[in-house]
Amino acid sequence: MKSIVKTEQAPSAIGTYSQAVKVNSTVYLSGQIPLVPATMEIVSTDFAAQAEQVFKNLSAVCQAAGGEINNMVKVNIFMTDLNNFATVNEVMSRYFNEPYPARAAIEISKLPKGVDIEIDGIMELPTTN
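Quick note: the sequence shown uses my numbering, first residue 242, plus one each step.
1) I need the boundaries of the beta strand (DSSP E) containing Ser300, first residue and last residue.
2) Rounded to whole angstroms, what is the Cα-Cα separation between Asn330 and Ala289?
3) Between the stretch 243-250 and the stretch 341-356, are three or more C-beta pairs nearer than 8 Å?
4) Any chance you could list the beta strand (DSSP E) runs of at least 3 consecutive residues sitting entirely within the stretch 245-289, in chain order?
5) Are the stretch 253-272 and the stretch 348-364 touching by the rule of at least three beta carbon pairs closer than 8 Å?
6) Based on Cα-Cα distance, which residue from Ile255, Ser350, Ser253, Pro252 lies nearest to Phe319?
7) Applying the criterion that 16 or more other CB atoms from any shown protein chain within 10 Å of the CB defines a buried residue, is Gly355 buried or exposed?
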């Protein structure tokens, strides 16, 4: 069964997509960019601050879906500069414990609203056996 996940604790969708879609125990999270949910403004031009906001936004969507960010099994990180790889690793380490999710880190030329990072992923909700 498919259901839409929506929370005011993460930025509203700025296009034709949902914050996340839940199918049974799997949650497909749309890309999050560093928007502050209350204002829909970019948190900062500082990359570390942008990465931190993205992980906060992902955490909020995970919680709205009934899980937590540590339940993510796949993460795709899109950055406009791979020189920020070490910074994103440092920020990510504050949100994830081992075993870490599968991950890709990809440099691209441009992201929505001119931000420097966007992250999407897949979360598997824990079973209650």
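All C-beta atoms, glycine included, are put in the ideal place defined by N, C-alpha and C. Note that this is a predicted model, so its numbers are computed, not measured.
Result, derived from the coordinates:
1) First-last for Ser300: 288-305, but that is the alpha helix (DSSP H), not the beta strand (DSSP E).
2) Those two C-alpha atoms are separated by around 10 Å.
3) Taking 8 Å as the limit for Cβ pairs, the verdict is that the stretch 341-356 does not touch the stretch 243-250.
4) If you keep only unbroken beta strand (DSSP E) runs of at least 3 residues inside the stretch 245-289, you get 261-264, 267-273.
5) Using a C-beta cut-off of 8 Å, the stretch 253-272 makes contact with the stretch 348-364, since at least three inter-stretch Cβ pairs fall below that distance.
6) Looking at Ile255, Ser350, Ser253, Pro252, the one whose alpha-carbon comes closest to that of Phe319 is Ser350.
7) Classification for Gly355: exposed.
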